[in-house]
Amino acid sequence: MKLLLRLLGYARPHWRLVGIIVASMTTESVMRTVPAWLTKLIIDEAAVYGSVQSVVGLTAGLFLVTAVARALNSLQNYSTESLGQNVVHDLRNDLYRHLQSQSMSFYDAHQTGQLMSRVTSDVSQVQFFASNGIIRILDATFGILVYIGVMMALDVQLTLIALSATPIIILVQLRIRTITAIYRELQRMMARLTGILQENVAAIKLVKAYNREQYESDRFLSEYWRIRTRRLWVTRKMGAWSQVQEVSTAFASVLVLYFGAQRVMDGTLTIGGLFAFQAYVLMLWQPVRFFGFINQAVQQALAAGERVFEIVDWPLDVAEKPDAVPLPPLEGDLVIDRASFAYGRQAPLLRDITIHVRPGSSLAIVGPSGSGKTTLINLIPRFYDVTRGRVVIDGHDVREVTLASLRSQIGMVLQETFLFNMTIRENIRYGRDDATDEQVIEAAKAANAHDFIAEFPEGYDTMIGERGVRLSGGQRQRLAIARALLVDPRILILDEATSSVDTRTDFLIQRALERLMEGRTTIVIAHRLSTVQRAGQIVYMENGRIVGRGSHTELLETCPQYRHLYETQFRKQETAGVPLTPGPSPTRGEGSTGALTLALSLRERGLSSEVRSAP
129 MKLLLRLLGY ARPHWRLVGI IVASMTTESV MRTVPAWLTK LIIDEAAVYG SVQSVVGLTA
189 GLFLVTAVAR ALNSLQNYST ESLGQNVVHD LRNDLYRHLQ SQSMSFYDAH QTGQLMSRVT
249 SDVSQVQFFA SNGIIRILDA TFGILVYIGV MMALDVQLTL IALSATPIII LVQLRIRTIT
309 AIYRELQRMM ARLTGILQEN VAAIKLVKAY NREQYESDRF LSEYWRIRTR RLWVTRKMGA
369 WSQVQEVSTA FASVLVLYFG AQRVMDGTLT IGGLFAFQAY VLMLWQPVRF FGFINQAVQQ
429 ALAAGERVFE IVDWPLDVAE KPDAVPLPPL EGDLVIDRAS FAYGRQAPLL RDITIHVRPG
489 SSLAIVGPSG SGKTTLINLI PRFYDVTRGR VVIDGHDVRE VTLASLRSQI GMVLQETFLF
549 NMTIRENIRY GRDDATDEQV IEAAKAANAH DFIAEFPEGY DTMIGERGVR LSGGQRQRLA
609 IARALLVDPR ILILDEATSS VDTRTDFLIQ RALERLMEGR TTIVIAHRLS TVQRAGQIVY
669 MENGRIVGRG SHTELLETCP QYRHLYETQF RKQETAGVPL TPGPSPTRGE GSTGALTLAL
729 SLRERGLSSE VRSAP
């Protein structure tokens, strides 16, 4: 009942529509009783006494009442659908806003397909209930009371006989209520099916590469067959219960005809009266039968509503405080002060991390996979909150400021570049809607993306497909850099991996990154020796801790783990030739020297033509 009242609470803001529905519904319910009564008068009075004028008047009244009732029914149906759409609009918005507000740990714990199922399938179940169930319950209840009242006015004894089927109907409705758990299970199964579908579509290239089409098809059909089997079982149960209800109401109607016919023969009831009473009995059982359908819809809506509100009620572990203040324009001074992080009660992923990055300087984070590098950078824009310690920017604890003002001044270019199925222009402008076309083009030029964009027939209006599938990896990354440049962040977080691109693209990306990092506080998960060597400071992480910090030379001497990383990974870059990018320079002039060294190195390796052709 608590859940049902919560669902009904979404109709409260639309009380005008509710008023129209209730008024039209009650009026129509009363008017539905009039035709049978008029028919009684036609049979008992007009037909018996042969008054043509009475027959014409009564039949005209019968037609008029029916027409008005149909008009009211149309108004009620339209208003009911409008109410349902408004309710589901509000509910889906609440759900979607809550999903948008959740931290990354929430998405780490929930499969994408499961969430999609709750936003679509589960909310649709609630919509059907809001559009049909709520009003139909009121309509059926009010109609039953009206019909019983009119029947009692005609004949109390026959009314009691007609109601003899009531105990059986109540038992059937109670049995229907027991299937809520089954509908809850079906909703979970549908969510799993949606998850399989979403995962399969996202990984279709992998599926085809390993010839797993038949396996995935069998997996999908197997889950669907379980849903089908369960639904058919519910249908059989509902069918059996509804037939018991139908037989009981039909038996009550037969009893009414039997005893009513005796009353007519006794002269205590007119033929018209029996006809009208039997019509009211049939009208009475119609909403009673409909209660089975309504009850089923209610159980489905309750099962779906539980799943929807489970998400709506999920606590925000990264929540904006009511008294949070806007973060002023940043200088870029970043302090991570004795920060630790863990998922719930699991073992900490980060332990006692302390780092200070001064405005305009750069920090390189290195370490083996799983050492906590990505988790650490996710603390800065509050994708996660520290479980101990704090993150401070320009003297402001990030938990004390508004999320919008914090994240609007932080730019991120990550290894897994995500682009939307929109135009190139819209993707670059994604973080800054008010940017002009000229600013978009300038950002693209600075990111070394303008030339390849200009080669497309539609230029900046080219649709790039889902996740930018029509672009190469290097092109996607340069668009991500252009997007970050357009935002002009004071703090830049960068995962600079470019291992999957060719030499020329790598060079263009590194040039673009150099421009992006200039004058900004930069935190880089470093994969390149050149970036590591030119960073203002380097920290080496292992098992969630900082085990070494300092310059490249200092770490080679003081940190065995860093020296091992250098020997196994960085030295390969060094022996293959001078690094491909000058990287961000701590002092003026180093960038040009690095670029000259780069050009000489490329010339020695037969790549000078690529350098000349690069913007």
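Residues 129 to 743 in my numbering are what the sequence shown lists, from first letter to last.
Ideal Cβ positions, reconstructed from N, Cα and C, are used throughout, including at glycine.
Cβ-Cβ distance between residue i and residue j below 8 Å
{"i": "L286", "j": "F387", "result": "yes"}
{"i": "A563", "j": "G517", "result": "no"}
{"i": "I493", "j": "I609", "result": "no"}
{"i": "Q605", "j": "I637", "result": "yes"}
{"i": "V251", "j": "A429", "result": "no"}
{"i": "G672", "j": "T686", "result": "no"}
{"i": "V519", "j": "I508", "result": "yes"}
{"i": "Y275", "j": "Y471", "result": "no"}
{"i": "I297", "j": "Q373", "result": "yes"}
{"i": "P487", "j": "G523", "result": "no"}
{"i": "M280", "j": "A290", "result": "no"}
Nearest-angstrom Cα separation, counted from residue j out to residue i
{"i": "V146", "j": "S207", "result": "8 Å"}
{"i": "E695", "j": "H680", "result": "13 Å"}
{"i": "G678", "j": "L684", "result": "9 Å"}
{"i": "A654", "j": "Q689", "result": "15 Å"}
{"i": "S157", "j": "M366", "result": "27 Å"}
{"i": "V440", "j": "Q326", "result": "22 Å"}
{"i": "I148", "j": "Q204", "result": "8 Å"}
{"i": "V541", "j": "L641", "result": "9 Å"}
{"i": "V485", "j": "E566", "result": "33 Å"}
{"i": "H217", "j": "A368", "result": "36 Å"}
{"i": "A139", "j": "L266", "result": "14 Å"}
{"i": "T750", "j": "R246", "result": "In the structure as shown, the chain starts at 129 and stops at 743, and residue 750 therefore has no counterpart that could be examined."}
{"i": "G295", "j": "T154", "result": "The sequence as given places Pro at residue 295; Gly does not occur at that position. Their Cα atoms are separated by approximately 26 Å."}
{"i": "V300", "j": "T396", "result": "35 Å"}
{"i": "R801", "j": "A532", "result": "The question about residue 801 has no answer, for the chain in this structure spans 129 to 743."}
{"i": "S720", "j": "Y558", "result": "The predicted model places S720 with a pLDDT of 33, which falls under 50 and marks its position as unreliable, so this point remains unresolved."}
{"i": "V362", "j": "I307", "result": "8 Å"}
{"i": "G433", "j": "R473", "result": "29 Å"}
{"i": "H226", "j": "D236", "result": "16 Å"}
{"i": "R691", "j": "I483", "result": "21 Å"}
{"i": "M669", "j": "I505", "result": "12 Å"}
{"i": "L282", "j": "L132", "result": "37 Å"}
{"i": "Y343", "j": "V667", "result": "45 Å"}
{"i": "H142", "j": "R356", "result": "37 Å"}
{"i": "A309", "j": "S381", "result": "34 Å"}
{"i": "I592", "j": "I324", "result": "26 Å"}
{"i": "T709", "j": "T248", "result": "Its pLDDT being 40, under 50, T709 is placed unreliably in this model, and the coordinates cannot settle the point."}
{"i": "Q230", "j": "L410", "result": "53 Å"}
Identity of the residue in the options nearest residue i by Cα
{"i": "D465", "options": "N214, P476, A612 and D480", "result": "D480"}
{"i": "I170", "options": "P496, L321 and T398", "result": "T398"}
{"i": "A378", "options": "V362, S658, R417 and R535", "result": "R417"}
{"i": "P457", "options": "S536, L620, F191 and A574", "result": "S536"}
{"i": "R598", "options": "Y558, T396, E646 and L547", "result": "L547"}
{"i": "F270", "options": "S152, L360 and L349", "result": "S152"}
{"i": "Y512", "options": "H524, G498 and L477", "result": "L477"}
{"i": "D616", "options": "S350, F419 and A571", "result": "A571"}
{"i": "S292", "options": "A575, L190 and S376", "result": "S376"}
{"i": "V586", "options": "G596, G601 and R553", "result": "Looking at the sequence shown, residue 586 is not Val but Glu. Comparing Cα-Cα distances from E586 to each of G596, G601 and R553, the minimum goes to R553."}
Residue environment, residue i, which counts as buried when at least 16 other CB atoms sit within 10 Å
{"i": "W413", "result": "buried"}
{"i": "W353", "result": "exposed"}
{"i": "N339", "result": "exposed"}
{"i": "F580", "result": "buried"}
{"i": "R144", "result": "exposed"}
{"i": "F405", "result": "buried"}
{"i": "W165", "result": "buried"}
{"i": "K501", "result": "buried"}
{"i": "D451", "result": "exposed"}
{"i": "S202", "result": "exposed"}
{"i": "F635", "result": "buried"}
{"i": "A663", "result": "buried"}
{"i": "G277", "result": "exposed"}
{"i": "G495", "result": "buried"}
{"i": "M393", "result": "exposed"}
{"i": "M318", "result": "buried"}
Integer-rounded CB distance, given that residue j should sit under 8 Å from residue i
{"i": "A431", "j": "Q315", "result": "5 Å"}
{"i": "F403", "j": "T161", "result": "14 Å between Cβ atoms; not a contact."}
{"i": "V446", "j": "V529", "result": "Going by Cβ atoms, the distance from V446 to V529 rounds to 13 Å, so no, they are not a contact pair."}
{"i": "L211", "j": "A268", "result": "Not quite, the Cβ-Cβ distance comes to about 17 Å (not below 8 Å), so this is no contact."}
{"i": "L607", "j": "I538", "result": "Wrong, their Cβ atoms sit about 19 Å apart, outside the cutoff."}
{"i": "S490", "j": "M645", "result": "7 Å"}
Closer than 8 Å to chain B by CB, residue i
{"i": "P617", "result": "Of the chains in the structure shown, none is chain B; there is only one protein chain."}
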